[in-house]
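Working notes for the structure below.
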Amino acid sequence: MINFDKDENLLIEIRKHWLVFVSEVFVLIVFSIMPLMIFSFSFDFSRIVNFFEGNLSSLLTFIYLAWLLLLWVAGFIFWTDYYLDVWVITDKKLLDIEQKGFFRREVSFLNLEKIQDVTYEIDGLIQTFLNYGDINVKTAGNVEGFFIGGVPNPALVRAKINEALIIFKTKNRERIKKDIRESLLEKIKTSEGADDTLLADGINLD
Amino acid sequence: MDFNFSDFYVSIPSDLLWGILALILGFFLITSFVLHYHWRNYTVKKKIGILPKIIFWGVSLILIFSMFLTLIIYEINL
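Note that the protein sequences, when read in sequence, are chains A and B.
Numbering follows our numbering, in which position 51 of the first sequence is assigned residue number 61; successive positions increment by one, without gaps.
Numbering follows our numbering, in which position 23 of the second sequence is assigned residue number 16; successive positions increment by one, without gaps.
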């Protein structure tokens, strides 16, 4: 479980487009049908009534069911991999969580203050019709940016990142103002002959 | 020449097939445990709902039950 700061709000969770998962599942479906295809070449379907008479048929059914069970589990492994591969935008940072198989997991994050520019690209016929594309988060200095590939509705994601940036900058500005105000008040309090009325009024930095 | 299943009988010992079934079940249980561990611990905020679990276990149990059944039928016809 990813832990966030107490004052950190999760804005959006992004996963790859469902087409990525469906293309993996398609391979499994082909694999599950393949034995039936091979079987159909050597079997006259008019004799289907006789199929369960010999014990060879039950052996083949057993092998086929075992094959289906393995493919079924593989399908859920793919789904878990797809589901746990996620990008998270909070009002403080961008998180890239990459699940690579069962036992390898990479988590990297980028503070919003490092972000300089966010662009998105929808390239090709399929991406245009299914509305998905890539997002490039560029950063200042030597910090490595983020590339988010195969994201559904990239325009919305870009807008969410921008929204997160605005929230972050507003909060940051308020925090800086508060820090300056407090340090000034502290200085006034400690200096000799501090004016009580000045302390009572506080300091307005706006 | 037409292929007819009722003409063929195989004599693979059923103990061997029960052993294979036990191995498959072992693999299945370990994988399910790892999958559930990931679903419980590695989601970000939205928990994995009950529906994927029902689908996973429902279909898996049907397949395993069918495997048991075919093995019993195999043993009867041996």
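Cβ atoms here follow ideal geometry from the backbone N, Cα and C, with glycine treated the same way.
Same chain, Cβ closer than 6 angstroms to residue i, five either side skipped, listed in chain order
{"i": "T129 (chain A)", "result": "N146"}
{"i": "K26 (chain A)", "result": "G160"}
Beta-carbon proximity of residue i to residue j, cut-off 8 angstroms
{"i": "I107 (chain A)", "j": "I22 (chain A)", "result": "no"}
{"i": "L71 (chain B)", "j": "L79 (chain A)", "result": "no"}
{"i": "K148 (chain A)", "j": "G155 (chain A)", "result": "yes"}
{"i": "F112 (chain A)", "j": "F31 (chain A)", "result": "no"}
{"i": "V161 (chain A)", "j": "D144 (chain A)", "result": "yes"}
{"i": "F72 (chain A)", "j": "L64 (chain B)", "result": "yes"}
{"i": "I12 (chain A)", "j": "V37 (chain B)", "result": "yes"}
{"i": "A174 (chain A)", "j": "L105 (chain A)", "result": "no"}
{"i": "L28 (chain B)", "j": "T138 (chain A)", "result": "no"}
{"i": "P164 (chain A)", "j": "I198 (chain A)", "result": "no"}
Which listed residue (the options) has its alpha carbon closest to that of residue i
{"i": "A76 (chain A)", "options": "B:V3, B:G42, B:F21", "result": "B:F21"}
{"i": "S4 (chain B)", "options": "A:L69, A:R25, A:N163", "result": "A:L69"}
{"i": "I136 (chain A)", "options": "A:V40, A:N182, A:L29, A:A169", "result": "A:L29"}
{"i": "F36 (chain A)", "options": "A:R185, A:G85, A:D133, A:N19", "result": "A:G85"}
{"i": "V83 (chain A)", "options": "B:Y30, B:T24, B:G12", "result": "B:T24"}
{"i": "R114 (chain A)", "options": "A:M47, A:L94, A:R191", "result": "A:L94"}
{"i": "K110 (chain A)", "options": "A:K102, A:K103, A:D101, A:V96", "result": "A:V96"}
{"i": "K103 (chain A)", "options": "A:A165, A:K170, A:D133, A:K187", "result": "A:K170"}
{"i": "F178 (chain A)", "options": "A:E196, A:D101, A:L20", "result": "A:D101"}
{"i": "N172 (chain A)", "options": "A:D127, A:R191, A:S193", "result": "A:D127"}
{"i": "S33 (chain A)", "options": "A:Y92, A:G151, A:F139, A:E18", "result": "A:Y92"}
{"i": "D17 (chain A)", "options": "A:T200, A:K199, A:R185, A:S193", "result": "A:R185"}
{"i": "S67 (chain A)", "options": "B:P45, B:F26, B:M60", "result": "B:M60"}
{"i": "Y30 (chain B)", "options": "B:K46, B:L54, B:A15", "result": "B:K46"}
{"i": "I24 (chain A)", "options": "A:T200, A:L195, A:T180, A:F157", "result": "A:F157"}
{"i": "L10 (chain B)", "options": "A:S193, A:L20, A:F51, A:N65", "result": "A:N65"}
Neighbour flag for residue i against chain B, beta carbons, 8 angstroms
{"i": "I12 (chain A)", "result": "yes"}
{"i": "T100 (chain A)", "result": "no"}
{"i": "V161 (chain A)", "result": "no"}
{"i": "F112 (chain A)", "result": "yes"}
{"i": "T90 (chain A)", "result": "yes"}
{"i": "V167 (chain A)", "result": "no"}
{"i": "V153 (chain A)", "result": "no"}
{"i": "L94 (chain A)", "result": "yes"}
Proximity test, Cβ basis, 8 angstroms: residue i and chain A
{"i": "L64 (chain B)", "result": "yes"}
{"i": "F21 (chain B)", "result": "yes"}
{"i": "L9 (chain B)", "result": "no"}
Other residues of its chain near residue i: CB distance less than 8 angstroms, five sequence neighbours each side excluded
{"i": "L68 (chain B)", "result": "The question names Leu, but residue 68 (chain B) in the sequence shown is Glu. Excluding residues within five positions, the ones whose Cβ falls inside 8 angstroms are S7."}
{"i": "L81 (chain A)", "result": "L38, F41, S42"}
{"i": "V153 (chain A)", "result": "L120, K124"}
{"i": "N182 (chain A)", "result": "E123"}
{"i": "V117 (chain A)", "result": "I12, L105, D106, I107, E108"}
Own chain residues within Cβ distance below 7 angstroms of residue i, not counting five before or after
{"i": "I41 (chain B)", "result": "W32"}
{"i": "Y218 (chain A)", "result": "Limits of chain A in this structure are 11 at one end and 216 at the other, which puts residue 218 (chain A) out of reach."}
- Message: Residues of the stretch 32 to 62 of chain B in Cβ contact with chain A at a cutoff of 8 angstroms, in chain order, please.
- Response: Those would be W32, N34, Y35, T36, V37, K38, K39, I41, P45, F49, V52, S53, L56, I57, S59, M60, in chain order.
- Task: Identify each residue in the stretch 64 to 85 of chain A for which the Cβ-Cβ distance to at least one residue of chain B is less than 7 angstroms, and report them in chain order.
- Result: G64, N65, L66, S67, S68, L69, T71, F72, L75, A76, L78, L79, W82, V83
- With 7 angstroms as the limit, tell me which residues of the stretch 16 to 37 of chain A have their beta carbon closer than that to any beta carbon of chain B; keep them in chain order. L20, E23
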